[in-house]
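Q: Have a look at the structure that comes next, please.
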Amino acid sequence: MASLGGSSSSSTEYIVRVPKNTSKKYSIMAFNSGDKVNCSSWTQVCRSTLWETPSHYNFPQ
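Okay, so the sequence shown: first residue is 19 according to this note's numbering, each after it adds one.
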């Protein structure tokens, strides 16, 4: 990456994994037990297109 005018910039690299079998439609949601989330009371679910994974979650690579 080239920088202009001698200024330095920082960037963060993210790896996005896309499944090969797109016929399966599923999502994984995780909640802290202290949040007391009751999914059975939901009437509508909104999915954010941008979300951050907390650093304490260890998803498989």
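Built from N, CA and C at the ideal position, the CB exists for glycine as well.
1. So, helix, strand or coil for residue 28, using DSSP?
2. When burial is assigned at 16 or more other CB atoms within 10 Å of the CB, is residue 68 buried or exposed?
3. Which of the three DSSP states, helix, strand or coil, is assigned to residue 21?
4. In whole angstroms, what separates the C-alpha of residue 34 from that of residue 28?
A: According to the data block:
1. coil
2. Low per-residue confidence applies at residue 68: pLDDT is 45, beneath 50, and the placement is therefore not dependable, though the value from the model is reported in the following sentence. With fewer than 16 Cβ atoms within 10 Å of its Cβ, residue 68 is classed as exposed.
3. In this prediction, residue 21 scores a pLDDT of 48, lower than 50, which makes its location untrustworthy; no coordinate-derived value is stated.
4. 20 Å
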